[in-house]
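S.K.: Please find one structure pasted underneath; my questions will follow.
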Amino acid sequence: MTVGTLAERVRNRAGRDAFGEALQLIGRENDAVVVVGADDISSLRGNAFAAEFPDRAFNVGIAEANASGVAAGLALGGKIPLVLLYGFTVLRAAEQIRDDVCYPNLNVKVVTTSSGLVMGEGGVTHHCTEDLAVTRSLANMTIVQPASALETAIVTKAVVERLKGPTFLRIARCRYEDRAEQALQDYYLGGGAFEVGKAVTLREGDDITLIASGLMLSIALHAADLLAESGVSARVMNMHTIKPLDSAAVIDGVTQTRGIVTLEDHNVLGGIGEAVCGVVSETRPIPVRRIGVRDTYCAIGPMDELFEKYGLTAEATVEAAKEILAGGSRGSR
Amino acid sequence: MRSLRRTRSAREPLQNSERHEREVPTVDESKARAPRAEPTSKLVSMRDAFGKGLVDAGRRNDRIVVLDADLASSTRTSMFADEIPERFIQVGIAEQNMVGLAAGLSTVGYIPFACTFAVFMSKRACEQVSTSVAYPRLNVKLVGAYSGLYTGKTGATHQSLEDIAIMRAIPNIVVVVPADAVQLSKALDAIVEYDGPVYLRVARDAYPVIFDESYRFELGKAVVLREGNDASIVAAGIMTQTALYAAEQLAREGLQLRVVNVSTIKPIDREAICKAARETGAIVTVENHSIIGGLASSVAEVVTEECPVPVEKVGVTDVFGESGSNEDLTVKYGLSVDSVVEAVSRVLAKKRLGLGRRHSTG
Amino acid sequence: MLSEAPEQVAEMLRQKSMEARLLLINTLHESGGGHYGGCLSELDILAVLYNGILNIRPDDPEWEGRDHFILSKGHGAIGLASVLALRGFFPREVLKTSKKLDSCVGWHTTIKMPGIEHPTGSLGHGLSVAVGLAVAKKLDKKQSRVFVLLGDGECDEGSVWEGAMAASKYRLDNLVAIVDRNGISYDSRTEEVMPLEPFADKWKAFGWAVRSADGHSVGDLWNAFSAVPFEAGKPSVVIASTIKGKGVSFMENSVAWHAGPTTDEQYRTAIKELQKRAEVAR
Amino acid sequence: MELSRAVSMDYLREVSIEARRNVMKMITHAQAGHVGGALSCMDILVALYFEVMRVDPARPRWEDRDRFVLSKGHASVALYAVLAERGFFPKRDLMTFDQIGSRLQGHVDMTKTPGVDMSTGSLGHGLSAAAGMALGGKLASKDFRVHALLGDGELQEGQVWEAVMFAAGRRLDNLTAIIDYNKLQLYGAVAEMLPIEPLLMKWQAFGWHTMEVDGHDMAQIIGSLRRAAMEKDRPTVIVAHTVKGKGVSFMERKVEWHAKPPTHKECERALAELREA
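Protein chains in written order, with this note's numbering: chain D, 2 to 334; chain A, 37 to 398; chain X, 21 to 302; chain H, 20 to 296.
Structure, rendered in structure tokens:
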């Protein structure tokens, strides 16, 4: 299937729908692909796959630790299991993912579509702003977070077909915003490739570097537009692979611009911001500001309003960028 | 650890760190004070110090209850079970349940210490820690024993290299990592006083004592153990000793290293880190943990946000550990004095290149 | 496979098990100690499985048609290693490397060791993995069976019951769980730490076909394992009554000998006792 | 101080209808919330808060109160409606449900809502916390009881069985677990997802005193809760057979109404049905 056809199929779809679509396609092409869910297969849009391949979809009930262990066993038996989990249940199954998947380096894909604040109204226990901290800390783990419906489909196919080993796929439950959809459509239809561990610079700029992925990419693009209006040239990087981080791309940002702003729908501790700070401080220290949830449990409410309330916005990004360029030195705490 | 055996004789007699009586401070000091900056030759077991400290705390405060998941003899909560059996709760091998129980107990006014190995506390019971304890901000103390690489040859499944990363990313949790038996028992007192969730990371084996009895522990405060301006070594936990040895070795080569001990990793002492960054221009972090998510990340975040200087990291480089003696593991996983010395020379090279000066607006 | 002459089979199994005990004690002593209690309690079970039940090829541990085994009680690693070595998965000398870095011999299982399918150590994981493996075998319509050995204290873990529920849902009659019911976990006796009885009822209530066996009678074990699945469409569990530290008098049924080092004298006593038993048995 | 009121069954039924109506209004207004599971457990909550439990709405943190843990935290709206009805907070607050800044969170939050004894939302946690409270009560020689309401699908979580084993091992006879056995979970029938039967046998094998009731028969519910309080040396579980979406004909026994908010039109229809009931 060409990228063009794929793009048609997932146009205007939510992230999880694009995932479901891709999953079904992969299922047809490779009968080793199986799905393990914890009473959430439909929530993660694995239902089309489950309907077409009932023998290859396993709902083990509300038992995420077991789901992860079962997936490990399936991988041992030569299958390529995708474990579908709610974001916060990555924490519930953290030790099984560590010991049974990552430690023996098994080919298990952990997929969530409700990480971050996307389940805004669902309540604090269903928010998940710690999952990247948990998965990043696990050796052997690869973490990928797509930023548009098309990228979701491309990434899903790629990690199943080409990437052997433990992978965490962090997909959005909702629609991605048009800015990111458009930018990535242009990129992929224009012949751009998805390569694990290779960030994509979507926009060039030499004053400041904005690093984002997932739902935050369109906010970064928006911020870049706003910055351009005030004469600041911002580079925008789609950091779809969060681990291993593309340190070369970060270093380019470090050497070619005057500062970095990271964006994530996650605690600023443990996620992309932390990863970037780690590279920057080892290379050539320039100021970094982290946009994200500042180490708190969020209130409930629609995701967009939560983004406003907790400063996950283009405006906050612009402000952080300007502060860096003005040479201000303060903690954003 | 081989590297730690290079200890020289103690300069002053070691005060008995194993005393049980509550220390009554005679001087009213509001700040944590800098202790002796030299590891003594006296080795004191961290887990024993924890076990004893817990018994002391339990005797003074009858709201303290201790829970353990069938590892009491290893974590040394067995001491509490022996002394105060009526407030010891054996939950069996069921860590998730243990954390939930502790949450429930705290709502009735108890101060529960839920204890198991660090790996199980942070990963097996990870979501329970977040949802049942941290989110309602309950007064539960979570203890991760057998932390880091040195877990008595138990191998990768029992080595906890991610616990700080995970606990740190969970809001409302204070993360405390003591460096020696004295700091540990003093931290215990502070933790009991503090009303809120705390993660206390305890090491298994015996390590040289650094702090003397006059040391006063303050949550959230780092202490400078050794002054110097060429670069800083920021160390946490039992690696603080390693940092001091490295500083000593480098002093013989004419370099003056500042050694900062960070015992509260979250909230981190931003002031002390920035001061070290500004005054010494380069930092090496040293910890018995993955370099992802722990002390290294905390320090990197602070400096890149506030006072960019080069940072080099000594810790486990994102790999699983294995069974082995502490000595072998130290060398293989790069936690030796030599590793610290090498990291210092790397960071000094970057400092000399002027990296970090351009935007370091101090 | 060996049903022709039960007496001879039993004799062979007993001998294998005795050899494994001696090798285990030697290995543990040389490496400065280890999990004596649980290794000794599981040994007869492992000896029967590897020498009389499991369809395996020691010279080709990855052989496709093999039966699978997962040691969920990962701290019994050296017990399993001793049995594997004697069965020819690797030379006995490998066991002498336990003190060395990069060795495949650790306090808990490692996948570096030939014959080990999955690393374990943290309790409560093995059953879920075994369920996944058994599901995969069913999918592929393979005859291979999956055996998993759990400790009894391990059954305090909720994840064990998650796995138990799933196995019953998927009607995994190619899955056999064995519980090494030695009655002692780390801190104390299981019934003090966390009462497990009525233990068989719990498994039955979770949809398993249950059988009890004397975990030190090779004949009893062999009969039980040969009869799986106990019921078509159900996973089978064998609750094997064992004695922690079995075979070394001062270790038997003692909470203190979950793990630890042995003095040279204790070591000599243990070896002497085992040799004596071996002679008597002969 | 009134510990319990002598009230007629009719009154309790009225309360539960009123609370159900408020659930409909809240969910419709917020366009969020779990309606099916809220309606199925409503009669149990009313029985607890209006008849069985020793509580004082003026002192929600009163030390000697009976405790309640809503382990199936997604049924928050049901608990809010009952707490408001009982006077823990003004009924007008109900319409703030799920709005930003509200004290009525999507899943219950003890730090925000008066009368909520434990924060929950992620399944499988509640019984452990309840066991901890019960244990705390025993340690402190208090005579309060702890009730935990669990969903049926929730029993698939291993942590529940850890807590079940523990509570029996510790002989926590001051603990009652109630299972809202409405037979449906998010994705379908519990029996198809991961069968939990034989349910009573499981709890008995784990050492609990078991009872089975019709979870919409007020007299049966109250009777069983009272009997549970008399049981010595072991905790009690009450398996309450309920109907998901109970009280609204077009929602009853329908998986799709697990968390779908009704339209205003559907809401009106439901309110009318409830008024007639």
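Every residue gets a Cβ at the ideal spot worked out from N, C-alpha and C, and that includes glycine. The structure presented is a predicted model; accordingly, all values stated were derived computationally and were not measured.
Assuming contact is defined by CB atoms lying nearer than 8 Å, are X/Ser188 and X/Gly227 in contact in what I supplied?
M.R.: Counting from 1 along the third sequence, the entry for residue 188 of chain X is found at position 168. Counting from 1 along the third sequence, the entry for residue 227 of chain X is found at position 207. Yes, the Cβ-Cβ distance between X/Ser188 and X/Gly227 is below 8 Å.
S.K.: Judging by CA-CA distance, which residue of A/Ser196, A/Ser268 and A/Pro303 is the nearest neighbour of A/Glu315?
M.R.: Taking the second sequence and counting its residues from 1, one reaches residue 315 of chain A at position 279. The option with the nearest alpha carbon to A/Glu315 is A/Ser268.
S.K.: Could you pull the start and end residues of the alpha helix (DSSP H) that A/Thr278 belongs to?
M.R.: Numbered from 1 along the second sequence, position 242 holds the residue referred to as residue 278 of chain A. Start and end: Met275 to Arg288.
S.K.: What residues are listed by DSSP as bridge partners for A/Tyr235?
M.R.: Start at 1 with the first residue of the second sequence, and residue 235 of chain A comes out as number 199. Answer by DSSP bridge pairing, in chain order: A/Leu178 and A/Val211.
S.K.: Where are the beta strand (DSSP E) runs, 3 residues long or more, that stay fully inside the region 91-148 of chain D, in chain order?
M.R.: If we require 3 residues or more, the beta strand (DSSP E) runs fully inside the region 91-148 of chain D come out as 110-113 and 143-145.
S.K.: Would a C-beta distance cut-off of 8 Å place H/Leu168 and H/Ile63 closer than the cut-off?
M.R.: Counted from its first residue, the fourth sequence places residue 168 of chain H at position 149. Counted from its first residue, the fourth sequence places residue 63 of chain H at position 44. Yes, the pair counts as a contact, with Cβ atoms nearer than the cut-off.
S.K.: Does the count of Cβ pairs from the region 236-256 of chain D and the region 210-217 of chain D closer than 8 Å reach three?
M.R.: With the cut-off at 8 Å, the region 236-256 of chain D and the region 210-217 of chain D touch.
S.K.: CB-CB under 7 Å to D/Ala101, same chain, minus the five flanking residues each way: which ones, in chain order?
M.R.: For this step, residue 101 of chain D is matched to residue 100 along the first sequence. It is Asp, not Ala, that sits at residue 101 of chain D in the sequence shown. If we look at D/Asp101 and ignore the five residues flanking it on each side, its Cβ neighbours are Ser69, Gly70 and Ala73.
S.K.: Could you run through the region 71-105 of chain H and flag, in chain order, every residue whose CB is less than 7 Å away from some CB of chain A?
M.R.: Those would be none; no residue qualifies.
S.K.: Closer than 8 Å, CB to CB, is X/Gly178 near chain H or not?
M.R.: The sequence position of residue 178 of chain X within the third sequence is 158, counting from 1. Yes, its Cβ sits closer than 8 Å to a Cβ of chain H.
S.K.: Between D/Arg174 and D/Ala15, how many whole angstroms is the CB-CB distance? I'm expecting something under 8 Å.
M.R.: If you number the first sequence from 1, residue 174 of chain D lands on position 173. If you number the first sequence from 1, residue 15 of chain D lands on position 14. Confirmed, about 7 Å.
S.K.: Which stretch, first to last residue, makes up the beta strand (DSSP E) that contains X/Ile90?
M.R.: As a first step, residue 90 of chain X must be located in the third sequence, where it is residue number 70. Its beta strand (DSSP E) spans residues His88 to Leu91.
S.K.: On a CA-only basis, which of A/Ser326, A/Pro346 and A/Ser333 is nearest D/Thr284? Give me that one, please.
M.R.: Position 283 of the first sequence, counted from the start, is the residue given in the question as residue 284 of chain D. Answer by Cα proximity: A/Pro346.
S.K.: Looking at chain A, which residues of the region 261-286 of chain D have a Cβ within less than 9 Å of any of its Cβ atoms?
M.R.: The residues in question are Ile261, His267, Asn268, Val269, Leu270, Gly271, Gly272, Gly274, Glu275, Ala276, Val277, Cys278, Gly279, Val280, Val281, Ser282, Glu283, Thr284, Arg285 and Pro286.
S.K.: With three or more beta-carbon pairs closer than 8 Å as the criterion, would you say the region 49-60 of chain X touches the region 275-287 of chain X?
M.R.: Verdict: yes, contact present.
S.K.: Just to confirm, does A/Val298 get its C-beta within under 7 Å of one of the non-hydrogen atoms of the ligand HEM?
M.R.: As for the ligand HEM, it is missing from this structure, which has no ligand bound.
S.K.: Hey, does A/Gln132 have any beta-carbon neighbour from chain X nearer than 8 Å?
M.R.: Residue 132 of chain A sits at position 96 when you count from the first residue of the second sequence. By this cut-off, A/Gln132 is an interface position.
S.K.: How would you label H/His283, buried or exposed, when you count the other beta carbons within 10 angstroms and need 16 or more for buried?
M.R.: Numbered from its first residue, the fourth sequence carries residue 283 of chain H at position 264. Exposed.
S.K.: Go through its chain and collect everything with a Cβ distance to H/Gly125's Cβ below 6 Å, but skip five positions before and after it.
M.R.: Taking the fourth sequence and counting its residues from 1, one reaches residue 125 of chain H at position 106. Correct list, in chain order: Asp117.
S.K.: Report yes or no: is there a C-beta of chain X within less than 8 Å of the C-beta of H/Glu176?
M.R.: What you label residue 176 of chain H is simply residue 157 of the fourth sequence in a count that begins at 1. It does; some Cβ of chain X falls within 8 Å.
S.K.: State the Cα-Cα distance for the pair X/Pro134 and D/Thr90, rounded to the nearest angstrom.
M.R.: Numbered from 1 along the third sequence, position 114 holds the residue referred to as residue 134 of chain X. Numbered from 1 along the first sequence, position 89 holds the residue referred to as residue 90 of chain D. Rounded to whole angstroms, X/Pro134 to D/Thr90 spans 34 Å at the Cα level.
S.K.: Inspect the CB distances between the region 265-275 of chain D and the region 331-339 of chain A and report whether three or more fall short of 8 Å.
M.R.: Touching, per the Cβ criterion.
S.K.: Please return the same chain residues whose Cβ sits closer than 8 Å to the Cβ of A/Ile129, not counting the five positions on each side in sequence.
M.R.: Against the second sequence, residue 129 of chain A aligns to sequence position 93. If we look at A/Ile129 and ignore the five residues flanking it on each side, its Cβ neighbours are Ala105 and Asp106.
S.K.: Near A/Ala201, what residues of its chain come up, given a Cβ to Cβ distance below 8 Å and the 5 sequence neighbours on each side ignored?
M.R.: Counting from one through the second sequence, the residue named residue 201 of chain A turns up at place 165. The answer, listed in chain order, is His325, Ser326, Ile328, Gly329, Gly330 and Ser333.
S.K.: Once the 5 residues before and after H/Trp276 are set aside, which same chain residues still bring their CB inside 6 Å of it?
M.R.: On the fourth sequence, position 257 is the one that residue 276 of chain H refers to. Closer than 6 Å at the Cβ level, and outside the excluded window around H/Trp276, lie Val54, Gly55, Gly264 and Met270.
S.K.: Can you give me the C-alpha to C-alpha distance between D/Ala33 and D/Ala159, rounded to a whole angstrom?
M.R.: The residue given as residue 33 of chain D occupies position 32 in the first sequence. The residue given as residue 159 of chain D occupies position 158 in the first sequence. Those two C-alpha atoms are separated by around 15 Å.
S.K.: In angstroms, rounded to a whole number, what distance separates the CA positions of X/Ala290 and X/Ser269?
M.R.: Locating residue 290 of chain X in the third sequence gives position 270, where the first residue counts as 1. Locating residue 269 of chain X in the third sequence gives position 249, where the first residue counts as 1. The alpha-carbon atoms of X/Ala290 and X/Ser269 are separated by roughly 8 Å.
S.K.: So, do the region 278-290 of chain A and the region 233-243 of chain A have three or more beta carbon pairs nearer to each other than 8 Å?
M.R.: Judged by Cβ distances under 8 Å, the region 278-290 of chain A makes no contact with the region 233-243 of chain A, as fewer than three pairs qualify.
S.K.: Between the C-alpha atoms of D/Leu324 and D/Val262, what's the straight-line distance to the nearest angstrom?
M.R.: Against the first sequence, residue 324 of chain D aligns to sequence position 323. Against the first sequence, residue 262 of chain D aligns to sequence position 261. In the sequence on display, residue 324 of chain D carries Glu and not Leu. Looking at the two C-alpha atoms, the distance is approximately 11 Å.
S.K.: Tell me the residue span of the beta strand (DSSP E) that contains D/Arg204.
M.R.: Within the first sequence, the letter at position 203 stands for residue 204 of chain D. Val201 to Arg204 is the extent of the beta strand (DSSP E) around D/Arg204.
S.K.: Using a C-beta cutoff of 8 Å, does X/Met214 count as contacting chain A?
M.R.: Within the third sequence, numbered from 1, the residue matching residue 214 of chain X stands at position 194. Cβ-Cβ to chain A under 8 Å: yes for X/Met214.
S.K.: So what's H/Lys284 in DSSP terms, helix, strand or just coil?
M.R.: Taking the fourth sequence and counting its residues from 1, one reaches residue 284 of chain H at position 265. Of the three classes helix, strand and coil, the one that applies to H/Lys284 here is helix, per DSSP.
S.K.: For chain A, find out if any of its Cβ atoms is closer than 8 Å to the Cβ of X/Leu121; answer yes or no.
M.R.: Residue mapping note: residue 121 of chain X aligns to position 101 of the third sequence, counting from 1. It does: the Cβ of X/Leu121 has a partner Cβ on chain A nearer than 8 Å.
S.K.: Check the DSSP bridge columns for D/Pro82 and list the partner residues they point to.
M.R.: Locating residue 82 of chain D in the first sequence gives position 81, counting from the first residue. D/Pro82 is bridged to D/Val35.
S.K.: Run down chain X in chain order and give the residues with a C-beta less than 9 Å from the C-beta of H/Met114.
M.R.: To locate residue 114 of chain H, count along the fourth sequence from 1; it is residue 95. Correct list: empty, because the minimum Cβ distance to chain X is about 39 Å.
S.K.: Just verifying my parser: in three-state terms, what is the DSSP assignment at D/Ile63?
M.R.: For the purposes of this step, residue 63 of chain D is identified with residue 62 of the first sequence, where counting begins at 1. Reduced to three states, the DSSP call for D/Ile63 is coil.
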